[in-house]
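Protein chains in written order, with our numbering: chain Y, 221 to 417; chain F, 902 to 1253.
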Amino acid sequence: MMNSSYSGKDDLSIWRDFISGNQSALSFIYFKYAKYLLSYGYKICRDKELVEDKVQDLFVQLWARHDRLGETDSIKFYLFRSLRRKLAESVKVDKLRYAVGLEVIDQFSGPFENQLIEIETRSERKKLVEQLLAHLNDNQRDILHLKYTVGLSNHEIADILCMEHQSVKNAVFRSITKIRKFLEKHQISLSTLTKIG
Amino acid sequence: MPASFEFIEELVCDDRFCKYVLNPDGETVDYWNEFRKNNPDREEEIREARQLVLLLGNENDAEDRDTLNKTEQIWQKIQSDIDRNNDTNPKKGSRNELLFFSLKVAAVFLVMFLISFLVVDIQPGVDEQQIGKTENYFQRVTKYGQKASFYLPDGSYVNLNAGSSLYYYVCNECNTRELILEGEAFFDVKRDTEKPFIVKTNNLSATVLGTSFNIKAYPEEDKTEVALVTGKVSVVGEKATPAVLTPNEMATYQHGGLNTTISGFDIEEITGWKDKILVFEDVSFEELTATLSRWYGVEFIISDSARNIQRFKTRKDYKGKYNNKSLETVLEAIGFSYDFDYEIKDKKVWIR
Chain Y
221 MMNSSYSGKD DLSIWRDFIS GNQSALSFIY FKYAKYLLSY GYKICRDKEL VEDKVQDLFV
281 QLWARHDRLG ETDSIKFYLF RSLRRKLAES VKVDKLRYAV GLEVIDQFSG PFENQLIEIE
341 TRSERKKLVE QLLAHLNDNQ RDILHLKYTV GLSNHEIADI LCMEHQSVKN AVFRSITKIR
401 KFLEKHQISL STLTKIG
Chain F
902 MPASFEFIEE LVCDDRFCKY VLNPDGETVD YWNEFRKNNP DREEEIREAR QLVLLLGNEN
962 DAEDRDTLNK TEQIWQKIQS DIDRNNDTNP KKGSRNELLF FSLKVAAVFL VMFLISFLVV
1022 DIQPGVDEQQ IGKTENYFQR VTKYGQKASF YLPDGSYVNL NAGSSLYYYV CNECNTRELI
1082 LEGEAFFDVK RDTEKPFIVK TNNLSATVLG TSFNIKAYPE EDKTEVALVT GKVSVVGEKA
1142 TPAVLTPNEM ATYQHGGLNT TISGFDIEEI TGWKDKILVF EDVSFEELTA TLSRWYGVEF
1202 IISDSARNIQ RFKTRKDYKG KYNNKSLETV LEAIGFSYDF DYEIKDKKVW IR
């Protein structure tokens, strides 16, 4: 009884605890995923307050219906799909576009051109990734975020974005080819990039 | 996995490979170890694919301070929504009632918001520089008769005993995780060796990396107790030399004293409260009533004649254990031991 912590438990058992009415399971799920839901929401929807309202609604409703929910072994997938649906109900679907800050692109059209640059800090790496993403389209950025930052599978992403599974794979494939070409052109070595903490 | 010149793309696209890099489990690791053993000529490509996944997975704003702050604010709203739903069924209310109710809730929030500034400002024993910006501070308060348990943003778990308040802040760039406690709490701290977890009370501070421990620091008591269950904790009383506890040791700091006493403790006596077990071990009548008034949210009114009875003044040997019992049951037992009559009326206990 000493340890009430859920860290290390799998999604299925945390979810079961939650649907049986345990409020600390709700709190655990919230603090584990809310920040990722917010940061994803901000990327696909310009109305920040709307995103925050929807995240709030999502968890309030989740709790209100906890005894009527089925099982899931991927809480993450469940939450991201719900948030995306909620946002799509409030704005036109075509407005949910994965944006990259425009000023970032302008700022960095210079330094990355035709010169070997040293990427040594976290913020430089962050800017590089933003620059890489700027070379992709909205849909590709959306997919890469869900795939690598959130960690969802291709099938889950296809479900969330209402796409064919094969189209998701193709989009990832094309994005990676583009990114590799960019890195090669600018002679940016990945091994130094990923060592930065 | 077909061999092709696009092998790196194949890997970066593959769900199982991403899992291997970002969030591996035993099965995934076994699979890829086997794959690498059978395809030693693929090592270079696997390395590049891995670095691509790491690069793309690394960048996100989820840990930004603004996001974490918002997360905390939204959680407070969710909790009040949930509490409200428990109290009333919103479907029954008319629109006007709902609007009126929303305004009331908004007013309560405004008052709480203003109070939170006051409370943080007058918080004794803690200076502004020590705790950094007040704007990132959050608080959890339990009334008498009420307990709470919740996760902190860093994943640590807290049980907060009755009549206590815990202040904490959300700051990702800070080198420490600092909290201010008044009252009693049990912490199950998420391990993070880079960021020590520091609990400050009026009279001492306890620093840990990852552990579980109980700390009791009610302002009306003249001592502060830190009891360690697992891990390691260092305790510094305001005037005392630092003490380091190992599991099953408890530090007692008598306020104003120069020493911290270290002793063993009974785990149920110290941490039983979080499982609703009320334990008394050699306590005085004064301690007994103080604990009961916090636990049940009542006030004790002791008649002068009772107060002067010697056994109320001198006895320090009361023992008892109550597993989720009503106040009446507990008072019956204590009343039998001390030989007193009592009456409960309007959250007040009269002892004659």
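Ideal placement from N, C-alpha and C gives every residue a C-beta, glycine not left out.
Count Cβ pairs between the region 1207–1222 of chain F and the region 1173–1192 of chain F that sit closer than 8 Å; are there 3 or more?
The region 1207–1222 of chain F, when compared against the region 1173–1192 of chain F, does touch it at the 8 Å Cβ threshold.
What in chain Y is Cβ-close to F/L1067, meaning under 7 Å?
What F/L1067 touches in chain Y: nothing, since even the nearest Cβ is about 14 Å away.
Reference Y/H385; option with closest CA among F/N1060, F/D916, F/L1082
Nearest Cα to Y/H385 within the set F/N1060, F/D916, F/L1082: F/D916.
Examine chain F for any beta-carbon lying closer than 8 Å to the beta-carbon of Y/Y298, and answer yes or no.
Residue contact check for Y/Y298 against chain F: no CB pair falls below 8 Å.
Between the C-alpha atoms of Y/K405 and F/R948, what's the straight-line distance to the nearest angstrom?
Their Cα atoms are separated by approximately 19 Å.
Alpha carbon to alpha carbon, how far is F/Q977 from Y/I239? Give it in angstroms, no decimals.
Here the C-alpha atom of Y/I239 lies approximately 21 Å from the C-alpha atom of F/Q977.
Can you find the residues in the same chain that come closer than 8 Å, C-beta to C-beta, to F/S1050, ignoring five residues on each side of it along the sequence?
If we look at F/S1050 and ignore the five residues flanking it on each side, its Cβ neighbours are Y1058, V1059, N1060, L1061, K1175.
Taking F/Y1119 as the reference, which of F/E907, F/Y1045, F/E1229, F/Q1040 has the closest Cα?
For the residues F/E907, F/Y1045, F/E1229, F/Q1040, the minimum Cα distance to F/Y1119 belongs to F/Y1045.
Along the chain, where does the alpha helix (DSSP H) that runs through Y/D277 open and close?
Counting along the chain, the unbroken alpha helix (DSSP H) around Y/D277 starts and ends at 268–284.
Do F/C1072 and Y/V392 count as a contact pair if the criterion is CB distance below 8 Å?
No, the Cβ-Cβ distance between Y/V392 and F/C1072 is not below 8 Å.
Check distances from the C-beta atoms of the region 228–254 of chain Y to those of chain F and list, in chain order, the residues that come in under 7 Å.
Listed in sequence order: S244, S247, F248, Y250, F251, A254.
For F/R1195, count the other beta carbons within 10 Å of its own beta carbon; 16 or more makes it buried, fewer makes it exposed. Which is it?
That one is buried.
So what does DSSP say about F/R943, is it helix, strand or coil?
DSSP places F/R943 within a helical segment (H, G or I) once states are collapsed to three.
Any idea which residues DSSP pairs F/I1282 with across the strands?
The first residue shown for chain F is 902 and the last is 1253, placing residue 1282 of chain F beyond what the model contains.
Compile a chain-ordered list of the residues in the region 279–303 of chain Y whose CB is closer than 9 Å to at least one CB of chain F.
If the cut-off is 9 Å between Cβ atoms, the region 279–303 of chain Y has F279, V280, W283, A284 near chain F.
I'd like the list of long-range same chain contacts for F/N939, defined as Cβ closer than 6 Å, with 5 residues on each side in sequence excluded.
Within the same chain, F/N939 has no close Cβ partners at all.
Just mark Y/G241 as buried or exposed, buried being the case when its beta carbon has 16 or more other beta carbons within 10 Å.
Here Y/G241 is exposed. Its C-beta has fewer than 16 other C-beta atoms within 10 Å.
Y/N359 in three-state terms, based on DSSP:
In this structure, Y/N359 counts as helix in the three-state DSSP scheme.
Determine the contact status of F/E1083 and F/T1102, defining contact as a CB-CB distance below 8 Å.
Less than 8 Å separates the beta-carbon of F/E1083 from that of F/T1102.
Quick check on Y/T292: does DSSP put it in helix, strand or coil?
Coil.
Check whether the region 264–277 of chain Y and the region 290–298 of chain Y touch, using three or more Cβ-Cβ pairs below 8 Å as the test.
No contact exists between the region 264–277 of chain Y and the region 290–298 of chain Y.
Would you mind telling me which residues of chain C sit closer than 7 Å to Y/E272, beta carbon to beta carbon, in chain order?
Of the protein chains in the structure, Y and F, none is chain C.
Alpha carbon to alpha carbon, how far is F/L969 from Y/A319?
If you take the alpha carbons of F/L969 and Y/A319, they lie about 21 Å apart.
Taking a cut of 8 Å between CB atoms, which residues from the region 384–396 of chain Y lie near chain F?
Under the 8 Å Cβ criterion, the region 384–396 of chain Y contributes K389, V392, F393, I396.
Excluding the 5 residues preceding and the 5 following Y/V388 in the sequence, name in chain order all residues of the same chain whose CB lies nearer than 7 Å to its CB.
So the list reads I363, N374, I377, A378, once near-sequence residues are dropped.
Where does F/G1138 fall in DSSP's three states?
Taken through DSSP and simplified to helix, strand or coil, F/G1138 comes out as strand.
Exposure label - F/E1074; buried when at least 16 CB within 10 Å
Counting every other CB atom within 10 Å of its CB across the protein chains shown gives F/E1074 a total below 16, marking it as exposed.
Spatially closest choice to F/N1104 from F/S1164, F/T1153, F/F1166, by CA coordinates
Closest option to F/N1104, Cα to Cα, is F/T1153.
Suppose contacts are defined by Cβ-Cβ distances below 8 Å. Is F/V1180 in contact with F/V1250 by that definition?
Their beta carbons are not under 8 Å apart, which means F/V1180 does not touch F/V1250 by this criterion.
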